[in-house]
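J.: Numbering (my numbering), first residue to last: 279 to 513.
(1) Beta-carbon of residue 498 versus every beta-carbon of chain D: anything under 8 Å?
(2) Measure how close the beta-carbons of residue 473 and residue 443 come, nearest whole angstrom, since I'm counting them as under 8 Å.
(3) Which value, in whole angstroms, describes the spacing of the CA atoms of residue 308 and residue 337?
(4) Strictly by DSSP, which residues pair up with residue 332?
(5) Does the stretch 367–385 come into contact with the stretch 408–415, if we say contact requires no fewer than three beta-carbon pairs (one atom in each stretch) closer than 8 Å?
(6) Using only CA atoms, which one of 364, 438, 302 and 334 lies nearest to residue 495?
(7) Which first and last residues belong to the beta strand (DSSP E) in which residue 446 is found?
(8) Starting from residue 419, trace the beta strand (DSSP E) in both directions and tell me its first and last residue.
(9) Quick one: using the 10 Å Cβ neighbour count with 16 as the cut-off for buried, is residue 302 buried or exposed?
(10) Are there 16 or more other CB atoms within 10 angstroms of the CB of residue 418, so buried, or fewer, so exposed?
(11) How big is the Cα-Cα spacing for residue 361 and residue 333?
(12) Tell me residue 498's beta-bridge partners as DSSP assigns them.
(13) What are the start and end residues of the beta strand (DSSP E) that includes residue 484?
(14) CA-CA distance, residue 449 and residue 388?
(15) Are the stretch 342–349 and the stretch 422–437 in contact at 8 Å, needing three or more beta carbon pairs?
(16) Rounded to a whole number of angstroms, what is the C-alpha to C-alpha distance between residue 429 and residue 326?
(17) State the start and end residues of the unbroken beta strand (DSSP E) segment that holds residue 401.
(18) Report the CB separation of residue 404 from residue 488 in whole angstroms; it is logged as a contact under 8 Å.
(19) Less than 8 Å between the C-beta atoms of residue 366 and residue 358, yes or no?
(20) Would you kindly check if the distance between the Cβ of residue 453 and the Cβ of residue 399 is under 8 Å?
(21) When you compare the CB positions of residue 375 and residue 396, do they come within less than 8 Å of one another, or not?
(22) What is the rounded straight-line gap between the Cα of residue 296 and the Cα of residue 331?
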């Protein structure tokens, strides 16, 4: 509802001489979310003035979506791997939205609170997860191969995992859509710079279900709580 209300809002109030609004703000930062790891992803965003209470913005975000049953193991030589993981799943999220100023901060102090909503397409990137697997139980026949749940059943024979770059050439694209709503809290001691946090909820849908762990339930709809830390400039 918040997303729809913000997108439907239209300019109504003219900018005054004493208004501290800016014509454009550019920000970037990192994302933490309940479907990601320690750091979920990164984003960049540009906001444009509509009126003293409303901005429109566009941006792009990239995040990794992890399966809730992912668990890292260490083999006997100390190399980590995620048993049962068949694919990484990354998502590119271009988006467009509106930002409503709820409480405006003073020129060079205080906190500004904004409500925001955004929608956009999702470009899911399903990348094969490569492991180092011993086919004879020793180090004499170790191959780096995509994980196959029907073949690589012995965890003692998994000697580690390779980087995500190994499987990029076999990426499968899964298109979808997403929407989000949240609140941002902007801080800034100087007129030309901004910093702050954004908290909210997001929902994402893919017609084709991404497979991360084939022996567990995989969903095509994801909901998450997120936190963004951002920094930027305005003019």
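Note that the Cβ used here is the ideal one computed from N, Cα and C, for glycine as well. Note that this is a predicted model, so its numbers are computed, not measured.
T.: The answer reads as follows:
(1) Within the model displayed, chain D is absent; a lone protein chain is all it includes.
(2) At roughly 32 Å, the Cβ-Cβ gap does not stay under 8 Å, so residue 473 and residue 443 are not in contact.
(3) About 13 Å.
(4) 329 and 378.
(5) no
(6) 364
(7) Where residue 446 is concerned, there is no enclosing beta strand (DSSP E), given that its DSSP letter is neither H nor E.
(8) Counting along the chain, residue 419 falls outside any beta strand (DSSP E), and DSSP gives it neither H nor E.
(9) exposed
(10) exposed
(11) 45 Å
(12) Per DSSP, none; premise fails for residue 498.
(13) Taken as a continuous stretch (DSSP letters only), residue 484 belongs to no beta strand (DSSP E), as it is neither H nor E.
(14) Each residue's alpha carbon lies about 46 Å from the other.
(15) no
(16) 53 Å
(17) Run containing residue 401: 389–406, per the beta strand (DSSP E) assignment.
(18) 5 Å
(19) no
(20) yes
(21) yes
(22) Residue confidence is low: residue 296 scores 40 on pLDDT, short of 50, so the model does not pin down where it sits. Its coordinate-derived value is still stated next. Their backbone Cα atoms lie some 14 Å apart in a straight line.
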